[in-house]
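A.B. asks: Pasting a structure here, questions to come.
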Amino acid sequence: MTDVIEIDEDGIEQVSLKTYAEKAYLDYSMYVILDRALPHVGDGLKPVQRRIVYAMSELGLKATAKFKKSARTVGDVIGKFHPHGDSAAYEAMVLMAQNFSYRYPLVDGQGNWGSPDDPKSFAAMRYTESRLTAYADVLLSELGQGTVDWSPNFDGTMDEPTVLPAQVPNVLLNGTTGIAVGMATDVPPHNLREVVAATIHLLESPKASVAELCEHVQAPDFPTDAEIITPREDIMAMYETGRGALKMRAVWEKDGPDIVVSALPHQVSGSKVLEQIAHQMQAKKLPMVADLRDESDHENPTRLVIVPRSNRVEVEAVMNHLFATTDLERSYRVNLNMIGIDGRPGVKGLDRILKEWLKFRTETVRRRLEYRLERVLRRLHILDGYLVAFLNIDEVIHIIRTEDKPKPALMKRFGISDVQAEAILDLKLRNLAKLEEMKIRGEQDELEVERDQLQTILGSAARLKTLIKKELQSVAEKFGDDRRSPLMARDEAQAFSELDLMTADPITVVMSEKGWIRAAKGHDIDPSSLSYKSGDGFKMAAKGRSNQPTVILDSTGRAYTVPSHNLPSARGQGEPVTGRINPPSGATFEGLMMGDEGDLYLLASDAGYGFVAKLGELQTKNKAGKGALNLPKGSGVMQPAAISEAEGAWVAAVTNEGRLLVFPLEDLPQMARGKGNKIIGIPTARVQSREEFVIAVQVLTDKDTLVVYAGKRHHKLKFSDLKHYCGERGRRGNKLPRGFQKVDAMLVES
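Residue 391 in UniProt numbering sits at position 391 of the sequence shown; the count goes up by one each step and never skips.
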């Protein structure tokens, strides 16, 4: 699409709003990307950072100089190079001075420059003082040696470097974050020794893979002692693609009964972490923690103390929960987006970053050597002229005294160049005494040796590589340090579930005939004595603990799960359970179970079929429940029987006509769902016509007593009395004594 620009009769350009807005936004986008938000691969700095470092060097604020007010530096930066707000420039300067933000700070600050707890708590620039650190010399020491290009500043009154001649890959060492238009950058900091080792390896083996480079660069290295817990393969993938994520976890240890956190993830505030934990304590989501203390001081910059409620608290589980729910564990996005040596932004892998930087460094060193060679050759040329002047000093003085234009006369008489003649004429009289032949020849010899060395290096790619390698090693030796962020393999943190945080209080869950549910504290209540709505009454109850779910079985054989800890109190009349689950229309509730997931229950239909099921396999999060017990035609669901001891247990089944059968529990299968096996034999036709059906099924041991109820009468049978009723599973069983031909119920007494 071509832009259409019209010029009216007054000579005024007229551009469509669409065209103007498009161009203005694209120009702004390119400015933000190239001149504000993204770092350059060469020196790893954004423009504002580069201008601050350069302005401080121009002010003479080297590491050995006295501190100067930060306002002086900021004034120079915004007045000469960076026409933006003073607060923005100062904040960028503060970041470069914080040793908890930068791995290798560039600014040495005096005064309040913020704290890890609150990085923004720094004093105003009129109070703080600053100078460059020794490490900043790595970016600046070669600046005046023809190494980089220069460009005019914003008003064209002076020049500024387009990039600084960094002697190491600073883009990886200090990292940076930035948001441009349509792109962002998140480069984490790294360890100087590791990056230099990888750079040297790539210099010697240009085809080295990312995997080989990662033998040297293990992972990012933040200015904190917290652990990096990202798996090795994820870190490798991050360096391959230039994108990924990192996880850091706080370091902690036990100090007596207390938990002491001694290192926090990068840029995490200790006070914020304590606030997050305290909020959970107030919300009663952390009952196992009794107290919190912040004991951080100058000797221990991070010391957060978490006091468990008792010695029985599992501190590992508590810390896992805190890692999952607070900033004690934090994720960091990695996006290695930067401006390349071609001037274009792009996301680069580790190998490409180091290759581009080596290309930049090679060109920088070559330009430095060529610049120095040019200076040496110029000086040698001038010294040759000085030597001529020294050997002919009287004649030179005579020409200068007598000739109107001594320069051409000197050039003609001695055959010297314009530069040599100019240098001779620039000499002051007092310097003539110093023109001793030995000094001139001595300097010539030294410079000739240097010239030969420079020419040898410039003429050999191998020697140039060796020089770059030695300079890298020198910087690493001077400024390198050990890794701060250890790499650790850790399991994924898991937060406590709502049930984990519940106290295991004994409760009795009560269900009424019309499906109203509630929970009473303790196991010693009489559910039948509770108050019920008019026309309603007690149907069944189950005993358990508040952190155990309640499993309900309906008349169609479906199982439902409801949390027990938030059931309404038994002081009231409860609530309809249908408000929590969605049973089929017309279904009634016939079974109630509580316990741990591994607890066993006997599920049976009154047709005389059943099986053993694990309570955990009956649980479901689905409000519509899950199929558990398949019912033969015409049969109904019975209240499940709890199995306290499966080994050596017996099953007792009794029909409404008083037939009792006892057989070993091991004869029944354990299943997750189904119809089950035949427990007691009842003709199908009698079940369907409801002439005969099973009244109750119980599980007992040889220490229990079986109690059979018929009307107002009951009959107690000790285990020794049950031999007459023992038989094979599926038999008809034997008749109970006269008076118990119509059985109403059967219970087990321990």
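We put the beta carbon where it would ideally sit given N, CA and C, even for glycine.
For Asp118, I'd like the list of residues in its chain whose CB is within less than 8 Å of its CB, leaving aside the five on either flank, ordered along the chain.
C.D. replies: The answer, listed in chain order, is Ser269 and Ser271.
A.B. asks: Based on the DSSP secondary-structure assignment, which residues constitute the bridge partners of His714?
C.D. replies: Answer is Tyr709.
A.B. asks: Exposed or buried, what is His266 when buried is set at 16 or more other beta-carbons lying within 10 Å of its beta-carbon?
C.D. replies: His266 should be labelled buried.
A.B. asks: Counting Cβ pairs closer than 8 Å, one from the region 617-632 and one from the region 663-674, do we hit at least three?
C.D. replies: As far as the Cβ criterion goes, the region 617-632 touches the region 663-674, which means the pair count is three or higher.
A.B. asks: Kindly indicate which residue of Pro640, Asp43, Met288 and Ala324 has the alpha-carbon position closest to the one of Val273.
C.D. replies: Residue Ala324 is the option with its Cα nearest to Val273.
A.B. asks: If Leu660 sits next to Ala649, beta carbons under 8 Å apart, how far is it from one beta carbon to the other, in whole angstroms?
C.D. replies: At roughly 17 Å, the Cβ-Cβ gap does not stay under 8 Å, so Leu660 and Ala649 are not in contact.
A.B. asks: Just reading off the alpha helix (DSSP H) that Trp357 is part of, what are its end residues?
C.D. replies: Residues Leu350 to Leu391.
A.B. asks: With 16 as the cutoff for other CB atoms within 10 Å, does Tyr90 come out buried or exposed?
C.D. replies: Tyr90 comes out buried.
A.B. asks: Sort Gly385, Ile12 and Arg441 by Cα distance to Phe414 and report the nearest one.
C.D. replies: Ranking Gly385, Ile12 and Arg441 by Cα distance to Phe414 puts Gly385 first.
A.B. asks: Do Ala166 and Asp43 have their CB atoms nearer than 8 Å?
C.D. replies: Cβ atoms of Ala166 and Asp43: closer than 8 Å.
A.B. asks: Helix, strand or coil: how does DSSP classify His321 here?
C.D. replies: In this structure, His321 counts as helix in the three-state DSSP scheme.
A.B. asks: As an exercise, report each continuous alpha helix (DSSP H) stretch of at least 4 residues that is fully enclosed by the region 40-114, in chain order.
C.D. replies: List check, alpha helix (DSSP H) in window: 47-58, 70-76 and 86-97.
A.B. asks: What are the residues that DSSP puts in a beta bridge with Ile228?
C.D. replies: DSSP lists Met248 and Leu487 as partners of Ile228.
A.B. asks: Within 8 Å (strictly less), CB to CB, does Asp327 reach chain C?
C.D. replies: In summary, chain C is missing from the structure at hand, where a single protein chain is found.
A.B. asks: Pull up the distance between the alpha-carbon of Ala495 and that of Pro527, whole angstroms please.
C.D. replies: Going from the Cα of Ala495 to the Cα of Pro527 covers about 36 Å.
A.B. asks: Relative to the alpha-carbon of Ala198, which residue among Ala180, Val187, Val181 and Val217 has its alpha-carbon at the smallest distance?
C.D. replies: Closest option to Ala198, Cα to Cα, is Val217.
A.B. asks: Would you check if the distance between the CB atom of Val577 and the CB atom of Ile507 is smaller than 8 Å?
C.D. replies: For Val577 and Ile507, no; Cβs fall outside 8 Å.
A.B. asks: Note down the Cα distance separating Val32 from Ala184, rounded to an integer number of angstroms.
C.D. replies: Between Val32 and Ala184, the C-alpha separation is close to 11 Å.
A.B. asks: Using beta-carbon positions only, say whether Val687 and Met746 come within less than 8 Å of one another.
C.D. replies: Not in contact: Val687 and Met746 (Cβ atoms no closer than 8 Å).
A.B. asks: Which full runs of the alpha helix (DSSP H) of 4+ residues lie inside the region 240-291, going along the chain?
C.D. replies: Runs of the alpha helix (DSSP H) inside the region 240-291: 270-282.
A.B. asks: Do you know whose CA, among Ile682, Thr620 and Asp149, lies nearest Glu363's CA?
C.D. replies: Residue Asp149 is the option with its Cα nearest to Glu363.
A.B. asks: Return the bridge partner residues of Ile306 from the DSSP annotation.
C.D. replies: Note: Ile306 sits in a beta bridge opposite Ile259 and Leu292.
A.B. asks: Using the Cα positions of Ile78 and Thr157, report the straight-line distance between them to the nearest angstrom.
C.D. replies: Between Ile78 and Thr157, the C-alpha separation is close to 14 Å.
A.B. asks: Tell me whether Ile341 sits in a helix, a strand or coil according to DSSP, three-state version.
C.D. replies: Coil.
A.B. asks: From the DSSP output, in three-state form, read off Thr128 for me.
C.D. replies: Note: Thr128 maps to coil in three-state DSSP.
A.B. asks: Count the other C-beta atoms from every protein chain shown that fall within 10 angstroms of the C-beta of Lys207, then say buried if there are 16 or more, exposed otherwise.
C.D. replies: Per the 10 Å Cβ criterion, exposed.
A.B. asks: If you run the structure through DSSP and keep just helix, strand and coil, what is Lys723?
C.D. replies: Helix, per DSSP.
A.B. asks: What does a CB cutoff of less than 6 Å around Arg367 pick up in its chain, not counting 5 residues either side in sequence?
C.D. replies: Correct list, in chain order: Gly146 and Thr147.
A.B. asks: Can you tell me which of the three DSSP states Asn174 falls into?
C.D. replies: Three-state result, Asn174: coil.
A.B. asks: Which same chain residues end up closer than 6 Å to Gly636 when comparing Cβ atoms and leaving out the 5 residues on each side of it in sequence?
C.D. replies: The answer, listed in chain order, is Asp606.
A.B. asks: Is DSSP giving Lys207 helix, strand or coil here?
C.D. replies: Note: Lys207 maps to coil in three-state DSSP.
A.B. asks: Could you check whether the region 220-227 touches the region 482-489, counting it as contact only if at least three pairs of C-beta atoms, one from each stretch, sit closer than 8 Å?
C.D. replies: Short answer: they touch.
A.B. asks: Pro406 to Val419, Cα distance in whole Å?
C.D. replies: Rounded to whole angstroms, Pro406 to Val419 spans 13 Å at the Cα level.
A.B. asks: I need the DSSP call for Pro576, collapsed to helix, strand or coil.
C.D. replies: In the structure shown, Pro576 sits in a strand (DSSP, three-state: E or B).
A.B. asks: Take Thr326 as the anchor and find which of Val138, Arg293 and Ala250 has the nearest alpha-carbon.
C.D. replies: Selected option, being the one with the closest Cα: Ala250.
A.B. asks: Return yes when the Cβ of Ile468 is within less than 8 Å of the Cβ of Val41, no when it is not.
C.D. replies: No, the pair does not count as a contact, with Cβ atoms beyond the cut-off.
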